[in-house]
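*Asks:* Just so we're aligned: 91 in the UniProt record's numbering is position 42 of the sequence shown, and the numbers increase by one with no gaps anywhere. Idealized CB from N, CA, C, for every residue including glycine.
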Amino acid sequence: APQVRVGPSVLAGDLAMLATETRRALRAGADFVHLDVFDGNWIKGAFTFGPMVVRALRRHEPKAYLDVHLCVTQPAQYLDELAKAGASRVLLHFEALDRSPAVAKAAAQLAHQLGMEVGLALAPQTHLDSDVLEAAESFDAVLAMTVTPGFGGQAFMHEVLPKVHQLREAFPHKSLEVDGGITVRTAALAAAAGANEAVAGTAVFGAKDLRRAIRDLRKSLER
Ligand code: DX5
Ligand code: ZN
Numbered sequence: 050a051p052q053v054r055v056g057p058s059v060l061a062g063d064l065a066m067l068a069t070e071t072r073r074a075l076r077a078g079a080d081f082v083h084l085d086v087f088d089g090n091w092i093k094g095a096f097t098f099g100p101m102v103v104r105a106l107r108r109h110e111p112k113a114y115l116d117v118h119l120c121v122t123q124p125a126q127y128l129d130e131l132a133k134a135g136a137s138r139v140l141l142h143f144e145a146l147d148r149s150p151a152v153a154k155a156a157a158q159l160a161h162q163l164g165m166e167v168g169l170a171l172a173p174q175t176h177l178d179s180d181v182l183e184a185a186e187s188f189d190a191v192l193a194m195t196v197t198p199g200f201g202g203q204a205f206m207h208e209v210l211p212k213v214h215q216l217r218e219a220f221p222h223k224s225l226e227v228d229g230g231i232t233v234r235t236a237a238l239a240a241a242a243g244a245n246e247a248v249a250g251t252a253v254f255g256a257k258d259l260r261r262a263i264r265d266l267r268k269s270l271e272r
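Right, here's the structure in full:
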């Protein structure tokens with residue numbers, strides 16, 4: 050099974066201190082850092098930062114694994130700039146790729162040509178039909194959103210767990226990531242369903258002891 054990894058989402062940290070928060074998470078043992086790019090359009094009213102800020106952060110952290118979650122319309126238009134900015138992996142929403150296996154495959158191939166890893170992100174309401182499964186074949190990872198994308202601090206949606214299980218059955222060797230409402234308890238549920246990577250915002254940056262929070266989340270994934 051793929052490696053267990055914990056990635057704090059800096060959305061729950063102090064965004065005005067992005068580099069400081071990233072370093073804090075990495076020093077506390079984070080395996081990667083998760084960056085939520087919102088364009089104010091795909092999720093109405095939610096606007097964070099884009100490739101230029103990813104590039105600025107990369108200069109501070111030359112070695113970090115930067116996991117960039119694109120909650121934007123037409124995500125493929127940013128791939129070139131994100132590759133130049135130093136993104137390690139980009140997560141593209143199937144719902145923003147016209148729900149088309151052909152469009153998704155082309156975007157995944159472009160990301161690979163640009164030297165990045167690429168994950169297919171699925172909103173909670175997106176079911177695993179044959180189009181989604183076909184699209185996912187071209188991706189290194191699949192992200193099952195366990196909240197409706199938009200903001201941190203929401204409750205984990207247990208109804209997504211059967212989808213995580215189906216994804217693991219369909220793709221035994223792919224990285225399977227969950228994002229949203231992850232706690233020590235829900236990370237264990239997601240791991241039991243087959244997830245090996247967890248993104249956690251509030252559970253890490255809301256904790257007094259970041260190192261302990263990350264360690265506890267990793268333990269939950271390993272069980
Ligand atoms: C939600 C984002 C998540 C968010 C998770 O739209 O994709 O990455 O930061 O935050 P928590 O862990 O607080 O649910
Ligand atoms: Zn995210």
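(1) Let me confirm a value: M250 is counted as buried when at least 16 other C-beta atoms fall within 10 Å, else exposed. Which label applies?
(2) Helix, strand or coil: how does DSSP classify A113 here?
(3) Going along the chain, which unbroken runs of the beta strand (DSSP E) with 3 or more residues stay wholly within the region 207-272?
(4) Do you know offhand how far T235's Cα is from P57's?
(5) To the nearest angstrom, report how far apart P221 and H214 are at their CA atoms.
(6) Using 8 Å as the cut-off, can you tell me whether the region 152-168 makes contact with the region 190-198, which would need three or more C-beta pairs spanning the two stretches below that distance?
(7) Can you tell me whether D258 is buried or exposed, with buried defined as 16 or more other CB within 10 angstroms of its CB?
(8) Taking the beta strand (DSSP E) that R148 belongs to, which residues open and close that run?
(9) Are there any heavy atoms of ligand 1 lying less than 6 Å away from the beta-carbon of D116, as far as the coordinates show?
(10) With a CB to CB cut of under 8 Å and the five nearest residues on each side skipped, what residues in its chain are close to R72?
(11) Spatial neighbours of G229 within its chain, please: C-beta separation below 7 Å, excluding the five flanking residues on both sides.
(12) Within 10 angstroms of the Cβ of E271, are there 16 or more other Cβ atoms? Answer buried if so, exposed if not.
(13) Shorter than 6 Å, the distance from the beta carbon of residue 6 to the closest heavy atom of ligand 2, or not?
(14) Just mark H118 as buried or exposed, buried being the case when its beta carbon has 16 or more other beta carbons within 10 Å.
(15) Just curious, the alpha helix (DSSP H) that D63 is in, first and last residue?
(16) Would the region 135-150 and the region 172-185 be scored as touching if the rule is three or more Cβ pairs under 8 Å?
(17) Just tell me which of A242, A65, A219 has its CA closest to the CA of V227.
*Replies:* With the structure as the only source:
(1) Per the sequence shown, the amino acid found at residue 250 is Gly instead of Met. When all chains shown are included, G250 counts as buried.
(2) coil
(3) 224-228, 246-249
(4) 15 Å
(5) Each residue's Cα considered, the two are about 10 Å apart.
(6) Counting Cβ pairs under 8 Å, three or more are found: they touch.
(7) Exposed.
(8) It is not in any beta strand (DSSP E) - R148 carries neither H nor E in the DSSP assignment.
(9) no
(10) H109, E110
(11) M194, T195, V196, Q203, F205
(12) exposed
(13) In the structure displayed, the chain extends from 50 to 272; residue 6 sits before or after that span and is not available.
(14) buried
(15) DSSP places D63 in no alpha helix (DSSP H); its state is neither H nor E.
(16) yes
(17) A242
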